[in-house]
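J.:
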Amino acid sequence: MVFVAKTRSPDEWKVIVSAISTLVDEATFEATVEGISFRGMDPSHVALIDIHWPNSTFEGYECDDSVKFGVRVDELSKLIKRADKRDAIEVSMGEDSMLHIKMYNGYKREYKIRLIESSASSTPLPKLNFNSKLVLNAVAFDKVLSDVQVVSEYILIESESKRVEFSGKGDSGEADIILESESAGLEELEVKENSKATYSLDYLTKITKAVSGAGGSIAAEYSTKMPLRLEFRMANVGRIHFYLAPRVQD
43 MVFVAKTRSP DEWKVIVSAI STLVDEATFE ATVEGISFRG MDPSHVALID IHWPNSTFEG
103 YECDDSVKFG VRVDELSKLI KRADKRDAIE VSMGEDSMLH IKMYNGYKRE YKIRLIESSA
163 SSTPLPKLNF NSKLVLNAVA FDKVLSDVQV VSEYILIESE SKRVEFSGKG DSGEADIILE
223 SESAGLEELE VKENSKATYS LDYLTKITKA VSGAGGSIAA EYSTKMPLRL EFRMANVGRI
283 HFYLAPRVQD
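Note that the numbering used here numbers the sequence shown so that position 203 is 245, with each residue one more than the last.
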């Protein structure tokens, strides 16, 4: 069995590991000929993350069979954070049942992580139809969440044909943000049917801050009182989808 994945920098690994760390303590990756995948749900079953990192985005990629490797996310994160900005990263599986991580840019070092057996079962993706879609640049989306979080633990998203409204309220007051089709930061707005739903800001801010540092855009899709799906669009990472259940109010 051969598995070797090389990237020009540590940025991609840092984004992916940071995103996963917002939901789970242990992660089981699957490497195939097509690339590396991960799917996991938080313990409360409120949020799910689905990642596919295609082989075409790597500097070098070789995998002759399907292989799964489980790691403790905090241990992998600590090692990846040791990489300098210009370090190339090589991740491979050894015959010693350990994950090998090499970093090199003149200064070479190699780490080995002991693999774990994950008890996590396969997680199916929710089957959803979305009536509203909005695309914002990552900076604008992060700002909207932070502005509402000043007064609330939840964010209400309401969209209609030419505008989307974000709002929240708490003991200290209320916040209301309106973006229209021509507003800065709003790259796309598509509404098949007016939609309205409330989501946890704790989950949203954690995943957004974990990923938005890499720049790019965030596509948010949802329907009234239905789960939200975020798609983080970044170069060299592939697909990162984040699903969040709505807050159900009586």
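Just so it is clear, CB atoms sit at the ideal spot from N, CA and C, and this is done for glycine as well.
1) When we look at the beta-carbon of E263 and count the other beta-carbons within 10 Å, is it buried (16 or more) or exposed?
2) When you compare the CB positions of V113 and L157, do they come within less than 9 Å of one another, or not?
3) Pick from K204, E117 and S98: whose alpha carbon is nearest that of I236?
4) Rounding to the nearest angstrom, what Cα-Cα distance links F71 and Q191 in this structure?
5) For a minimum of 4 consecutive residues, which ranges assigned as the alpha helix (DSSP H) are wholly contained in the segment 198-282?
6) Going by beta carbon distance, what residues of the same chain come within less than 6 Å of I78, once the five residues before and after it are set aside?
7) For the putative contact between D184 and K251, defined by C-beta atoms under 8 Å, what is the C-beta separation to the nearest angstrom?
8) Going by C-alpha to C-alpha distance, which of F100, S60 and S86 sits closest to A73?
9) Counting Cβ pairs, one atom from each stretch, are 3 or more of them under 8 Å apart for the segment 144-155 and the segment 239-255?
10) Cβ of V193 within 9 Å of Cβ of A217?
11) By the 10 Å Cβ neighbour count, where 16 or more other Cβ atoms means buried, how is D129 classified, buried or exposed?
12) Mind reading off the beta-carbon distance from Y103 to A47? Whole number of angstroms is fine, and I expect it under 8 Å.
13) Using the C-alpha atoms, what's the distance from G148 back to E202?
14) Residues in its own chain within less than 6 Å of L198 by CB, not counting five upstream and five downstream?
15) So, helix, strand or coil for S174, using DSSP?
T.: Once the coordinates are examined:
1) buried
2) yes
3) The question names Ile, but residue 236 in the sequence shown is Asn. Cα-wise, what sits closest to N236 is K204.
4) 33 Å
5) 243-253
6) F71 and W95
7) 7 Å
8) F100
9) no
10) yes
11) buried
12) 5 Å
13) 54 Å
14) S209 and T240
15) strand
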